[in-house]
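As structure tokens, the structure follows; a few thoughts come after it.
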Amino acid sequence: MSAVTNAPARPAAAKRGSMGMLRQLLPFLGILAAALILPAVSNDYWTLIATRAAIYWVLVSGLNLVVGFAGQLAIGWVAMLTLGAYTTSVLVLGNVTTPFPAFVALAIASAVGAVFGFIVGLPALRLRTFYFAMTTLGFATIVTQIALAWQDVTGGGIGVPGPVLPAPFDTIIGFYLFCLGVAVFCTWITANVAHSRFGRSLVAIRDADVAAESAGISKPLLLGSVFLFAGACAGFAGGLFATLQSYISPEAFTFELSVMFFISILIGGRGSILGPLIATIVLTWLPEFAAPLVVWSTFLYAALLLLIVLAVPGGIASLLDFRSRRKIEADRTIIPRPELLPEILGDRTTPGAITLKNVVLSFGGVRAIDGLDLAIEPGQVHGLIGPNGSGKTTTLNVICGFYRPEAGSVTLGTKPLAVGAPHTRAAEGIARTFQTPRLIGEASVLQNVMVGGAIRGQGSFVESLLSLPRHRRDEAMLRHDAMLALNIVGLGGLAEVRADRLQHSELRFLEIARALMLRPRFLLLDEPAAGLSVEEIRCLGLLIRAISRQGTGVLLVEHHADLIFDICDHVTVLNLGRELAAGTPAEIRVHSEVVSAYLGS
Amino acid sequence: MLPAILLSGLAVGAVYALIGVTYNVMFSASRVMSFTAGQLGMLGGVLGAAFIGVLGLPSIVGFVLTLAGCALVGVATEIIAVRPVLKSLEQHLYVLSTLALALLIQQFTAINWSTEPQPFPTLLGFRDGGVGDEKFWLPIAACAATVVGLELLYRRTLIGRAFLAIAEDNFAARALGLPERNLRMASYALAGVIGGLAGFASGQLLLAFFANGAMLNFYGFVPVALGGLGNNRGAIISGLGLGVFQQAANFTVGGVFASVAVFSVFIIVLLVAPQGLFGAPAQRRV
Amino acid sequence: MKITRRGLTLGGAGLATASGLGLSAPALAQSEPIRIGWLAALTGPSSAPAIGFDRGIRHATDAINAAGGIGGRQIELVVRDTQGDPTKAVNAAQEMISRARVHAIWGPTNSGESLATTPIIGRAKMPNLHPCFVDTLIDPARYPNAFRMAPSNSQIDDAVSDYGVNILKLKKFAVVGDTTGYGTTTVNSSSAAFAKRNAEVVYRGQIDATQPDLTPDMLRMRNAGAEAITIWTVSPGLISRIMNVRATMGWDVPLIGHPAMGSGEVGQLIAKPQNWEKTYILGFKNCSYGPDGKLPGHVQTFVDSIQGKINLDDSTLWWIVCGVDAINVIASAVRESGGTDPLKMIDFWNKQNPYPGLYASYTWTPQQHNGLPQSDLVMSEANSQRQGAYKLAPGYV
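Line order of the protein sequences matches chains B, D and X.
Each residue of the first sequence is one higher than the last, beginning at 1 in the UniProt record's numbering.
Each residue of the second sequence is one higher than the last, beginning at 1 in the UniProt record's numbering.
Each residue of the third sequence is one higher than the last, beginning at 1 in the UniProt record's numbering.
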């Protein structure tokens with residue numbers, strides 16, 4: 001692994017990268033410049049509104065990772081703002097403990113926000129989307145009610161005065177610049193996460209969670225980190241909010257505010273940072289612009305949300321995404337370059353075989369697999385054929401840990417593979433593709449491939465937040481290997497294109513590239529030839545064959561008998577969940593039962 | 001004291017249960033949980049008060065018009081917020097579209113009706129406030145009528161069986177040639193009627209108040225979560241249980257802590273038994 | 001009807017804001033209009049008081065402008081609807097100070113928003129009058145610019161407990177409120193006021209305003225031996241439920257407390273008209289009918305003069321006359337101090353002893369910015385509303 005990490009990036013690519021970086025940075029710098037000029041050209045009122053926008057952005061930037069990236073619909077995140085605001089105010093006021101300095105109180109508020117962000121996030125690991133949305137909503141109600149009831153601490157309905165920051169941040173302009181600084185910092189760290197393996201994994205959880213699991217991405221760990229982070233941002237924002245408001249009472253933390261945070265992200269566009277930033281600024285400013293319409297403001301937010309969901313699901317970000325509207329060549333062919341395979345697959349230890357022994361699995365009384373024995377040897381292509389419903393894909397899912405067999409064992413070498421734990425397979429070097437490609441349509445082809453190598457990164461979430469050296473090394477390594485994998489499958493020219501613009505056959509090769517990122521010891525392919533042209537099937541066959549010659553064991557579930565007989569070393573024929581026949585392609589071809597039951601027709 | 005708690009608990013619980021059934025009926029037809037379920041309950045109260053109390057229509061006319069209005073809102077939900085996002089169910093856009101529609105309904109009511117609770121007219125004349133008061137018995141009767149009605153619909157009528165078929169497996173149902181879209185719209189109309197009935201029957205209990213929608217959204221969802229998604233029997237039992245539990249908590253620990261208690265039970269049950277206490281069909285992922 | 005009332009007010013508010021926020025070119029001080037900021041919770045929950053104040057404010061403004069203004073200067077209202085939301089109120093207050101450059105601010109009216117805006121208005125040293133009850137809002141040392149034109153909470157607690165203990169001659173009280181901030185806080189302060197008068201608070205509690213059935217709570221109060229129930233909520237739903245349960249239980253206990261118990265909405269929500277009896281609410285001497293069925297002379301004259309111009313039936317008289325007073329108090333300050341210099345206006349108010357208004361005779365000194373004398377607070381019969389005013393409760397002569 002270290003061999004590739006240090007490989008120097010090509011200078012041309014590096015130059016193109018920095019140009020693209022600048023283009024991406026430009027809108028942010030423009031907004032920052034406008035924010036810096038604002039106090040000089042307007043009055044305290046506009047400075048106040050801008051301060052408010054900055055504070056809201058501190059919260060929204062963190063929440064963006066939860067809602068926009070991970071796709072968790074946290075509607076009631078205002079609860080974390082409430083917690084942060086009360087924590088800071090109460091600690092600075094000193095009605096419970098000795099008074100704390102404002103900045104210490106802000107740090108504690110962040111910690112409190114993080115803890116509760118995590119607690120509220122816990123149900124998201126187990127519950128359906130709608131359930132989670134309801135849970136956050138319920139939590140927001142409870143926090144307000146507790147703030148009302150816990151009078152000794154929170155002052156009940158009368159509330160408590162907000163903290164005042166020490167000089168020079170105690171003036172309108174000083175406080176504004178402080179909030180702006182925090183907002184810039186939050187933009188930077190969330191951008192770092194967004195462009196890290198963690199950011200890509202979050203999006204993978206959102207749009208292709210099964211694929212994410214197969215790539216070894218641990219949903220609990222990742223979502224847990226993000227909930228902690230978003231809670232911390234919101235807690236800090238709460239402290240700033242209390243300072244801005246000068247006095248807080250439960251009435252200040254309305255559901256409308258929560259909806260505004262949430263909608264900012266969706267109007268801005270999921271998986272974007274610039275979009276939600278613009279939306280936060282606009283939605284903070286809009287009620288001021290339309291002050292006489294204040295009574296309609298929530299109504300308008302809701303109408304806007306409905307419009308966005310139905311008409312522009314990509315939000316502002318998709319409107320600003322000019323690159324994806326550029327034409328790509330319509331007439332393209334996939335030319336794999338298997339000769340590059342040793343660069344990514346070479347130099348690995350050879351484990352034993354994957355062995356299934358007497359596996360039984362039924363769905364509601366129907367035996368999908370009925371006492372199956374199977375062995376996938378390293379360096380060989382093992383074909384699995386059979387009519388529809390014979391249990392081919394089910395077998396693959398048992399190996400991958402998605403299904404829990406009722407009886408029998410699945411072992412790798414001598415070691416049993418954990419049942420019902422699909423996220424552990426990547427670490428064992430088992431990669432797979434899917435019958436219907438599971439990809440992130442909104443991400444580029446390159447990013448999709450990089451998702452496959454998520455577990456190969458060394459840096460932690462915090463290192464990514466701050467863009468420390470290990471994070472940067474991870475990124476360089478993943479980018480290098482992903483380009484390599486794309487070149488191997490023949491999609492190198494499409495690296496920067498959004499994945500949802502690719503043709504169906506290209507998606508199949510893209511999935512193989514993603515699987516290669518694991519440097520797999522075993523590769524399980526679920527009908528990779530479906531929908532491919534004859535020429536594409538030939539290329540696919542060569543590629544699969546070459547992969548197996550690098551020592552990788554391949555399980556090929558397929559309907560195309562020709563492909564199976566061309567490239568397999570060993571074939572198992574399934575019928576009604578049982579092995580009908582097994583042997584070399586030559587043996588199967590003449591097997592009387594197979595011929596009459598399956599091949600003959 | 002005990003009968004009073006039990007009676008008011010059952011009455012409130014009946015409303016929660018009916019909103020739970022409203023969620024379920026919509027879910028069965030479309031696999032969508034809609035935030036408009038609670039708003040239908042709110043509209044049942046507000047429309048009833050508007051037709052009978054403000055416009056002075058006879059009770060029975062007001063009742064029919066209220067249910068018709070709510071059925072219309074149900075169908076509108078299907079057309080505006082559900083059908084366009086059904087194609088991409090796995091993206092959960094329905095959470096957003098139905099939330100948006102629910103907020104639209106709620107704010108529209110707040111602006112054009114009132115932000116204060118308004119009275120709901122007496123329907124039968126039993127208003128002594130005690131155990132014979134109609135405000136307790138109307139929701140309970142509405143709940144019983146809905147249980148019987150749904151049972152008859154599902155067991156005895158062709159359209160009811162079609163509903164069941166769609167709920168079981170809508171791909172298969174479509175393959176059988178069932179008019180899936182029309183059945184879905186009919187289901188949403190039915191959900192509107194049930195939600196409206198819940199709101200109308202509880203008008204005297206909860207008053208005609210715009211914020212009831214959000215309240216019913218949450219307390220009507222709890223029975224669904226506890227009873228298991230799509231499980232009407234579970235929703236009815238959990239709803240009634242929730243009502244009694246809530247009133248008992250109100251009595252023993254009072255106001256704020258009662259809602260904390262309900263919320264805690266909700267979270268704990270969900271974490272321990274994500275499929276609910278009465279079970280729900282498991283989702284197939286791969 | 002409510003709907004039309006709201007619609008009309010809103011339209012008016014929009015207009016005023018539009019004209020008030022136009023780019024105000026620096027005009028000569030002599031002809032420049034006197035801009036008065038009005039932070040109003042005109043929509044949303046608890047908007048009824050602001051709607052009442054608004055009628056008085058517009059009436060008084062129109063009257064002054066029609067008479068040629070003050071020293072030739074017209075009064076211009078700058079209205080922003082805060083919806084009672086502290087966040088919107090903070091924005092609106094800053095806008096009035098820095099962008100619309102108003103000369104004085106009236107409001108806000110609700111507690112949460114007042115608490116948030118008071119420091120901001122104070123920082124700008126902007127002359128500020130408001131009708132909010134929260135005690136801590138008035139602190140001449142910290143906020144020398146802020147003056148109250150309504151009773152403070154402790155004055156109200158004193159008035160209500162005085163009535164229960166000294167006039168009704170009762171000893172055991174139940175004190176309940178809703179679960180809002182106002183309810184929880186006031187239950188505590190009110191209980192303290194009873195304790196100060198050596199009365200026993202045998203029951204205190206919060207009731208969720210949406211709780212459908214109050215029988216359990218009421219039974220507990222009766223079992224505790226309460227001789228009167230003190231109620232602190234603005235929710236007509238909660239109030240009417242208490243009244244209905246009281247009737248069902250056949251419990252002949254007086255209800256005393258918040259003026260909201262006398263609102264027309266309560267009248268619509270109670271099951272029978274007689275459920276509204278034996279209920280005594282806080283009122284004001286100048287806005288109460290004496291035994292002769294008349295208001296005090298100058299207030300009666302005013303009410304007669306606005307017949308047909310301002311609808312009094314769906315609002316409360318004291319809100320309207322307090323609004324009228326607010327404009328007049330600001331106008332007097334401009335007239336008597338010779339302009340809109342904030343320090344001079346504040347200085348003028350500090351010398352009022354008393355300022356004879358319609359709603360009350362306000363007394364302010366540099367050390368004391370609570371305008372209402374305790375003697376102006378009285379109790380009234382909740383079900384006696386006529387044209388926004390109430391009959392004095394039994395026990396007053």
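Beta carbons are placed, not taken as given, at the ideal position from N, Cα and C, and that holds for glycine.
Short-range partners of chain D found in the region 249-269 of chain X, where Cβ spacing is below 7 Å:
265, 268, 269
Alpha-carbon to alpha-carbon, residue 480(B) and residue 335(B)
19 Å
Report the residue ranges of all alpha helix (DSSP H) runs contained in full by the region 167-251 of chain B; include only those spanning at least 4 residues, in chain order.
172-194, 197-207, 209-214, 219-245
Check residue 42(X) in the structure and name its three-state DSSP category.
coil
Taking beta-carbon pairs under 9 Å, can you tell me which members of the region 277-311 of chain B lie near chain X?
287, 288, 291, 292, 293, 294, 295, 297
Chain-ordered residues of the region 118-133 of chain B with a beta carbon less than 9 Å from chain D:
122, 123, 126, 127, 128, 129, 130, 131, 133
Going by C-alpha distance, which of 396(X), 80(X), 68(X) is nearest residue 292(X)?
Among 396(X), 80(X), 68(X), the Cα nearest to that of residue 292(X) belongs to 396(X).
Do residue 495(B) and residue 510(B) have their C-beta atoms within less than 8 Å of each other?
no
Looking at residue 106(D): is its Cβ nearer than 8 Å to the Cβ of residue 49(D)?
no
Do residue 128(X) and residue 156(X) have their C-beta atoms within less than 8 Å of each other?
no
With DSSP collapsed to three states, give me the class of residue 5(B).
Because the pLDDT of residue 5(B) is 36, which lies under 50, any placement of that residue in the model is unreliable, and the number read from its coordinates should be weighed accordingly. The answer is helix: DSSP assigns residue 5(B) an H, G or I state.
Taking the alpha carbon of residue 278(B) as the point to measure from, which residue in 565(B), 591(B), 28(B) has its own alpha carbon closest?
When 565(B), 591(B), 28(B) are compared, the shortest CA-CA separation from residue 278(B) is found for 28(B).
Would you mind telling me which residues of chain X sit closer than 7 Å to residue 435(B), beta carbon to beta carbon, in chain order?
Near residue 435(B) there are no residues of chain X at all, since even the closest Cβ is about 51 Å away, more than 7 Å.
Looking only at its own chain, which residues have a Cβ that is under 8 Å from the Cβ of residue 579(B), when we skip the five neighbours before and after it?
372, 373, 374, 572, 573
Can a CB atom of chain B be found closer than 8 Å to the CB of residue 238(X)?
no
Just the C-alpha distance for residue 268(D) and residue 203(B), rounded to the nearest angstrom, thanks.
29 Å
Beta-bridge pairing of residue 575(B) - partner residues as DSSP gives them:
578(B)
Ends of the beta strand (DSSP E) at residue 230(X)?
228-232
Could you tell me whether the Cβ atoms of residue 408(B) and residue 327(B) are closer together than 8 Å?
no
Chain-ordered chain D contacts of residue 151(B) [CB-CB under 9 Å]:
Those within 9 Å of residue 151(B) in chain D number zero; the least Cβ separation is about 11 Å.
What is the DSSP secondary structure of residue 277(D), counted as helix, strand or coil?
DSSP, read as helix, strand or coil, puts residue 277(D) in coil.
According to DSSP, is residue 150(B) part of a helix, a strand, or is it coil?
If DSSP states are grouped into helix, strand and coil, residue 150(B) belongs with coil.
Going by the CB atoms, is the gap between residue 37(D) and residue 23(D) shorter than 8 Å?
yes
Along the region 94-128 of chain D, where does the CB come closer than 7 Å to a CB of chain X? Name the residues.
112, 114, 115, 116, 117, 119, 127, 128
If you run the structure through DSSP and keep just helix, strand and coil, what is residue 33(X)?
coil
Quick one: is residue 119(X) buried, meaning 16 or more other Cβ sit within 10 Å of its Cβ, or exposed?
buried
Please confirm if residue 246(B) has its CB atom under 8 Å from at least one CB of chain X.
yes
Neighbourhood of residue 399(X) by C-beta distance below 6 Å, restricted to the same chain and skipping five residues each side
In this structure chain X extends from 1 to 397, so residue 399(X) is not present and cannot be described.
Cβ neighbours of residue 21(X) in the same chain (closer than 6 Å, five flanking residues each side left out)
Low local confidence applies: a pLDDT of 39 at residue 21(X) is under 50, so the model's placement there is unreliable, with the coordinate-based value given in what follows. These residues qualify, in order along the chain: 100.
Rounded straight-line distance, which links the Cα of residue 167(X) to that of residue 58(X):
39 Å
I'd like to check one pair, residue 381(B) with residue 569(B): are the Cβ atoms closer than 8 Å?
yes
Inter-residue Cα distance where the pair is residue 200(X) and residue 161(X)
11 Å
Could you confirm whether any beta carbon from chain D is found closer than 8 Å to the beta carbon of residue 326(X)?
no
Which residues mark the beginning and the end of the alpha helix (DSSP H) in which residue 218(D) is found?
First-last of the alpha helix (DSSP H) with residue 218(D): 212-227.
Comparing C-alpha positions only, which one of 143(X), 343(X), 361(X) sits nearest to residue 321(X)?
361(X)
Rounded straight-line distance, which links the Cα of residue 265(D) to that of residue 275(D):
15 Å
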